[in-house]
Amino acid sequence: MAEHAEIAAAALDAALAAILEHEDELGKLDSVAGDGDHGAGMARGFRAAVAADRNGSAGQIIANAGMAFANTAGGASGALVGMFIMSAGAALTDPIDAAKVHAALTKGIEAMVRLGKGQVGEKTMLDTLIPFAAAYGEAAQAGLSVRAAWEQALPAAEAGMKSTAQMIPKRGRSSVLREKSLGTQDPGATSIYYVLAAVGRVLAEHCP
Amino acid sequence: MTYLFNDPINFREDMIEGYVAAYSRMVERIPDASGVRIAGGAHKGKVGVLVGGGSGHYPAFCGMVGRGFATGAVIGDVFTSPPGEQCYRCGKGVDGGAGVVFSYGRYSGDVMNFSMGEMRLEMEGIDVRQVIVTDDVAASPNFDERRGVAGDFYVFKALGASAWRGDSLDTVEALGNRVNQWTRTFGIAFSGCTLPGKSEPLFTVAPGKMELGMGIHGEPGIETGDMASASEIAKLLVDKVLSDAPLDAPSRAAVMINGLGATKYEEMFVLYGSVHKLLQAAGIDIYKPLVGEFATSLNMAGCSLTVSWMDAELQALYDYPVESPAFTTWG
Chain A
1 MAEHAEIAAA ALDAALAAIL EHEDELGKLD SVAGDGDHGA GMARGFRAAV
51 AADRNGSAGQ IIANAGMAFA NTAGGASGAL VGMFIMSAGA ALTDPIDAAK
101 VHAALTKGIE AMVRLGKGQV GEKTMLDTLI PFAAAYGEAA QAGLSVRAAW
151 EQALPAAEAG MKSTAQMIPK RGRSSVLREK SLGTQDPGAT SIYYVLAAVG
201 RVLAEHCP
Chain B
209 MTYLFNDPIN FREDMIEGYV AAYSRMVERI PDASGVRIAG GAHKGKVGVL
259 VGGGSGHYPA FCGMVGRGFA TGAVIGDVFT SPPGEQCYRC GKGVDGGAGV
309 VFSYGRYSGD VMNFSMGEMR LEMEGIDVRQ VIVTDDVAAS PNFDERRGVA
359 GDFYVFKALG ASAWRGDSLD TVEALGNRVN QWTRTFGIAF SGCTLPGKSE
409 PLFTVAPGKM ELGMGIHGEP GIETGDMASA SEIAKLLVDK VLSDAPLDAP
459 SRAAVMINGL GATKYEEMFV LYGSVHKLLQ AAGIDIYKPL VGEFATSLNM
509 AGCSLTVSWM DAELQALYDY PVESPAFTTW G
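Residue numbers (this note's numbering), protein chains in the order written: chain A, 1 to 208; chain B, 209 to 539.
And the structure:
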């Protein structure tokens, strides 16, 4: 098994690759009720995130990446995703286990909620992240490994992402359009799912 | 289409470089930051006014930097609020020791990022106030939840004049907020706009239709209407704006027809002729109207009507001389 720091770095690389792969699709989702730049913004953020300082522990690498993301991406999603990654990384201390990963996810979500004042059901990234963290927490408590808990929690993230199609936004720029976005998945919830899925693939490759 | 670009990723940076090269007699780059400020830097003892947001809206925001106008502008990527780090750096770049006002149209990304910049500056002992523009009547029935669009101009103009004549931070902030309270905008679009490097517009408007109440970021409108004549559109715009007129405002008001990027000035003059008569008939004492581009949405075809009511105190700020790349007047 690779060092945790190397896995963290590989996870960030995989997140960037996943966002680049889906950049146009994310832009199209965003153009339904927004300005169509979500894919570009996430790509800009993750490009900066992978270029950030990679010395130190897994937590430090992730925190540095989050800082770089927040400093570069711009937009609401830049601030929110950057704060999430930075806060989660800052909370992730060695030695890493599933309970600590869950605690880090929780810290990241707390930071995001503080900044964006959102909650589940408002057609945002939180609709993917919060069910994922909850499912991950249950898996961790059941004694699953970092990797197995991630695998077990991913369907909750996917279901959360898909549920945003039936939601009417209450926050963000798309809230102005409200009904117009009905039937379309939230671009932020979608990009977060792609990132979580990419991290899951890295864990599957590197962890026992 | 956006025709002129190199690598779309560098569009903002390429734009700033050319802008500063063109207007170095009035503006300069803020060192190590994505923004510009008045040539020669912030003035000691004066409140710094930092405006900003994404690019794609010229002359908002960087075109409104200069003497008697904004002290500086932080510049984000196209339709993307600048990161908090850049708001911090540019805020620092316009600080003259008397505090800084951040002013921008209300979009969630801008609110978050400017607020993160504010926190950093406050930690360094710089007093920061935020004057958030909420003039778009289409965005929400609740005034505080609205977007900021072309009305930015009147708020920035007042902030800049107040700061330039040496008012205190409290006064500059209060005057900016007063202008916002009395400013209303409604916009319509005839076509969507296309981001640099993209082949498809962000939304399309069907032939014979128009979008009502869209923002300035290529978002579609809140409703679609049938295309109409200029005089009918004038009536629609005047009705939408006046139906939300502030109850406590005097009769005098500045009036603006703002082009969204791909609508000709001549067309807007045709529109304005009808708007002028309708507003006069509604009892508005029209003061120094403006027809032109003040907050664009890349190459969107369309326009908006803004009415900014003013009393003698606000009128003095509107009349205050200003010199900037986009707008110069001797009062």
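For each residue, glycine too, the CB sits at the ideal point set by N, CA and C.
Values in this document were obtained by computation on a predicted structure and should not be read as measured data.
Residue i versus residue j - alpha carbon distance
i, j, result
"Ala5(A)", "Glu293(B)", "26 Å"
"Gly490(B)", "Ala457(B)", "According to the sequence provided, residue 490(B) is Ala. The question's Gly does not apply to it. Taking the straight line from one Cα to the other gives about 14 Å."
"Ala470(B)", "Leu498(B)", "17 Å"
"Ala197(A)", "Gln60(A)", "22 Å"
"Asn542(B)", "Leu450(B)", "In the structure as shown, chain B begins at 209 and stops at 539. Residue 542(B) is therefore absent and cannot be evaluated."
"Ala88(A)", "Val195(A)", "14 Å"
"Leu154(A)", "Phe132(A)", "6 Å"
"Met161(A)", "Thr412(B)", "27 Å"
"Gly261(B)", "Arg355(B)", "12 Å"
Short CB-CB distance (under 9 Å) between residue i and chain A
i, result
"Phe287(B)", "yes"
"Pro291(B)", "yes"
"His265(B)", "no"
"Pro428(B)", "yes"
"His425(B)", "yes"
"Ile224(B)", "no"
"Leu420(B)", "no"
Simplified DSSP state of residue i, which is helix, strand or coil
i, result
"Lys472(B)", "coil"
"Ser459(B)", "coil"
"Leu129(A)", "helix"
"Val120(A)", "coil"
"Phe219(B)", "helix"
"Gly400(B)", "coil"
"Met1(A)", "Residue placement at Met1(A) is flagged as unreliable, the pLDDT there being 42, under the threshold of 50; the coordinate-derived value follows with that caveat. Reduced to three states, the DSSP call for Met1(A) is coil."
"Thr210(B)", "coil"
"Arg233(B)", "coil"
"Val101(A)", "helix"
"Trp390(B)", "coil"
"Val302(B)", "coil"
"Ile430(B)", "coil"
"Val195(A)", "helix"
"Gly248(B)", "coil"
"Tyr528(B)", "coil"
"Lys170(A)", "coil"
"Glu419(B)", "strand"
Residue i at chain B interface by Cβ criterion, 9 Å
i, result
"Leu80(A)", "yes"
"Ala63(A)", "no"
"Ala17(A)", "no"
"Met1(A)", "Low local confidence applies: a pLDDT of 42 at Met1(A) is under 50, so the model's placement there is unreliable, and no value is given."
"Ala76(A)", "yes"
"Ser87(A)", "no"
"Thr164(A)", "no"
"Asn55(A)", "no"
"Gly27(A)", "yes"
"Ala111(A)", "no"
"Ser145(A)", "no"
"Thr93(A)", "no"
Residue i Cβ short of 8 Å to the ligand PLP heavy atom set
i, result
"Asp127(A)", "Among the components of this structure there are no ligands whatsoever, and the ligand PLP is therefore not found."
Chain C contact residues for residue i, given Cβ-Cβ distances below 7 Å
i, result
"Ala90(A)", "Here chain C cannot be found, since the structure's protein chains are A and B."
What are the residues of the stretch 319-335 of chain B that lie near chain A, defined by any Cβ-Cβ distance shorter than 7 Å? For chain A, the residues of the stretch 319-335 of chain B that bring a beta carbon within less than 7 Å of one of its beta carbons are Met320, Asn321, Met324, in chain order.
Using a beta-carbon distance cut-off of less than 9 Å, what residues from the stretch 181-192 of chain A approach chain B? Flagged: no residues at all.
Against chain A, which members of the stretch 252-263 of chain B pass a CB distance test of less than 7 Å? Those would be none; no residue qualifies.
What residues in the stretch 299-316 of chain B bring their beta carbon closer than 8 Å to a beta carbon of chain A? For the stretch 299-316 of chain B, which is checked against every Cβ of chain A, the residues closer than 8 Å are Tyr315, Ser316.
What residue ranges within the stretch 306-372 of chain B form continuous alpha helix (DSSP H) runs of no fewer than 4 residues, ordered along the chain? The qualifying runs are 316-331, 360-372.
Just by C-beta distance, which residues in the stretch 431-452 of chain B are closer than 7 Å to chain A? Hits within the stretch: zero.
Contact list for the stretch 34-54 of chain A against chain B, Cβ threshold 8 Å: Listed by position along the chain: Gly34, Asp35, Gly36, Asp37, Ala40, Gly41, Arg44.
At a Cβ cut of 8 Å, what residues of the stretch 113-138 of chain A count as close to chain B, listed as they run along the chain? Within the stretch 113-138 of chain A, contact with chain B at the beta-carbon level (separation under 8 Å) is assigned to Leu115, Gly116.
What are the residues of the stretch 469-493 of chain B that lie near chain A, defined by any Cβ-Cβ distance shorter than 9 Å? Hits within the stretch: zero.
Residues of the stretch 402-421 of chain B whose Cβ lies closer than 7 Å to any Cβ of chain A, in chain order: Answer in chain order: Leu403, Leu410, Phe411.
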